[in-house]
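Report on one structure; see the data block that follows.
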DNA sequence: GGCTTTTAGTGATCGTGGTCACGGGTCGCC
DNA sequence: GGCGACCCGTGACCACGATCACTAAAAGCC
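Residue numbers (my numbering), protein chains in the order written: chain A, 0 to 236; chain B, 0 to 236.
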């Protein structure tokens, strides 16, 4: 069976490959069973919005396939991307737990699939399954540390080149498959600019400069990191 | 009895004036009793460090008197102040709960007093008193939202004047005593600069400019906000 | 295959805010 | 009182990156 957008529907993406930070993985069978009852699965095209900054929290989304960008923007239209979420991530958890409006907008940047768990059902489920509630608390704590890192990056590193280098190193470390020195580029320069708080043109120039300085090399959509120590020295915080 | 630095020692600053966000206020008598057993009180001079960024978490500090600045700094010596903590605030809670190194440095900017609760004792106490654990979770969530606001400020508002206006408005809203249009200035220009990610000189110039534009007026150490709408229009995010 | 739309690269210009330098003011301390 | 440490104000200079403008390339789309 083929879903729209050439995507295979996954029967149950709650039972995902083990990744330590996955909130809903490696749970007791009873909990998984209950989760399957209260979740609903949907397929999303590229550019679909899972939720929008400022909306009342309806519940959480567990990303099964495809990636989503989390962003927030100002009245003047300037946008910052705070995170690129990958399959396994739980989106909207802070807003849902504390019952405040979603603080970010979640938009699919690839076609994908996600499970939705409504707020009421989730809270009820958490009360019954304390061990999952603990996982949620840990996730909240991790979110805080991630946000904190972002503050350090934005507040302490002055130059775009520094932030750019930090972003590249972050990508090379979190590379899911194989060689940590090659990174598949999937974002536009515009999106990269929104991640490091600069402009598209500056990102273009940074790529040129880094290539010229032999720090990186570009083959197709794959970026090879040629001089990791130099990059690390630029970051050096 | 007089403590050093002309400070009265407070017998029990856990029973503080009610402020909604105070984690340890308005607790059942049994919990307060237990807290008093596991806490220890100390007096700190100005510039004393409660804990330092990167240290293993020893426990939490409940600030009773005096204020502390929370800051983080980069290898090159650049520093950002993320928060000015007031009496009643609990410091070091994220690190202590998640057992990661303190992410900030807490330094007294006035002589003061704080209760210390060691990590083990606190965790044991939380297990016995679920209602306090819930308060802690709420506090963690608040911390996240505060951090998130900081990211928006740093990432979205380009100009120092915008961030400066936002800071002033924040102060005027959180003014503890009376008139929200007058603010007691207690930080040096240097510290203000570290809060909005700019330099001391720029802060000086911003004060001059805002005074010239009749936005604010300075009498001694008190700042009067003369044109709040104009300030809000500058922020406008 | 040719069309529009999106993404990338690059030059020219210009403003903002960082940096450096210096003078004056205030507080605390021997 | 006088000295030193720490703040605060302001001018001059300059580099960096935002903005604008335009072309080129690549990617969807009938």
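Backbone N, C-alpha and C fix where the C-beta goes; we use that ideal spot for every residue, glycine too.
Residue pairing by DSSP puts residue 218 (chain A) in a beta bridge opposite A:221. With a contact defined as Cβ atoms closer than 8 Å, residue 153 (chain A) and residue 195 (chain B) miss out at about 12 Å. The DSSP-derived three-state label of residue 49 (chain B) is strand.
Residues are counted here when their Cβ sits less than 8 Å from a Cβ of chain A; for the stretch 79 to 109 of chain B these are 79, 81, 93, 96, 97, 99 and 102, given in chain order.
Contact annotation: in the stretch 39 to 70 of chain A, no residue has its CB less than 8 Å from a CB in chain B. By the 16-neighbour rule on beta-carbons within 10 angstroms, residue 202 (chain A) is buried. Using a Cβ distance threshold of 8 Å, residue 180 (chain A) and residue 171 (chain A) count as a contacting pair. Secondary structure of residue 143 (chain A) (DSSP, three-state): helix. Contacts between residue 171 (chain B) and chain A, judged by CB atoms closer than 8 Å, are missing: the closest CB pair is about 21 Å apart.
Under the DSSP assignment, residue 201 (chain A) falls outside any beta strand (DSSP E), being part of the alpha helix (DSSP H) whose first and last residues are 199 to 211. When the Cα atoms are used, residue 74 (chain B) and residue 138 (chain B) turn out to be separated by approximately 30 Å. Sixteen is the threshold: when 16 or more other Cβ atoms of the shown chains lie within 10 Å of the Cβ of residue 88 (chain B), as they do, the residue is buried. Beta-bridge partners of residue 114 (chain A) (DSSP): A:40 and A:61. Separation of residue 99 (chain A) and residue 173 (chain B) (C-alpha to C-alpha, rounded to the nearest whole angstrom) is 21 Å. In this structure, residue 113 (chain B) lies near residue 49 (chain B), with their beta-carbon atoms less than 8 Å apart.
By the neighbour-count criterion, in which a residue is buried when 16 or more other Cβ atoms sit within 10 angstroms of its Cβ, residue 51 (chain A) is exposed. If you check the CB distance, residue 135 (chain A) and residue 122 (chain A) do not come in under 8 Å.
Between the alpha carbons of residue 26 (chain A) and residue 147 (chain A) lies a gap of roughly 29 Å. Non-local C-beta neighbours of residue 104 (chain B) in its own chain, meaning closer than 8 Å and more than five positions away in sequence, comprise 48, 50, 51, 52, 69, 70, 71 and 72, ordered along the chain.
The shortest CA-to-CA distance from residue 24 (chain A) to any of A:131, A:111 and A:143 is the one to A:131. Between residue 116 (chain A) and residue 38 (chain A), the C-beta gap is smaller than 8 Å, which places the two residues in contact. For residue 149 (chain B), the nearest beta carbon of chain A is closer than 8 Å to its own beta carbon. Across the set A:85, A:94, A:40 and A:214, the C-alpha of A:214 shows the shortest separation from the C-alpha of residue 227 (chain A). Residue nearest to residue 78 (chain A) within the set A:92, A:106, A:64 and A:86 is A:106 (criterion: CA-CA distance). Sequence-distant partners of residue 118 (chain A) (beyond 5 residues in either direction) whose C-beta falls short of 7 Å from its own C-beta, in its chain, are 56, 57, 58 and 95. Secondary structure at residue 186 (chain B): coil, using DSSP grouped into helix, strand and coil. When the alpha-carbon of residue 232 (chain A) is set against those of A:219, A:216, A:200 and A:163, the nearest one is in A:163.
Interface flag for residue 136 (chain B) against chain A is set, since a Cβ pair is found closer than 8 Å. Secondary structure at residue 94 (chain B): helix, using DSSP grouped into helix, strand and coil.
Beta-carbon to beta-carbon, residue 217 (chain B) and residue 211 (chain B) are separated by about 12 Å, too far to satisfy the 8 Å threshold.
Within 7 Å of the CB of residue 154 (chain B), the CB atoms of chain A belong to 79, 153 and 196, in sequence order along the chain. Rounded to whole angstroms, the Cβ separation of residue 140 (chain A) and residue 93 (chain B) is 7 Å, and the two are in contact under 8 Å.
Under the Cβ criterion of 8 Å, residue 158 (chain A) is not counted among the residues facing chain B. Using a 10 angstroms sphere on the CB of residue 86 (chain A), the tally of other CB atoms reaches 16 or more, which defines it as buried. In this structure, residue 157 (chain B) sits away from residue 108 (chain B), with a CB-CB distance that is not shorter than 8 Å.
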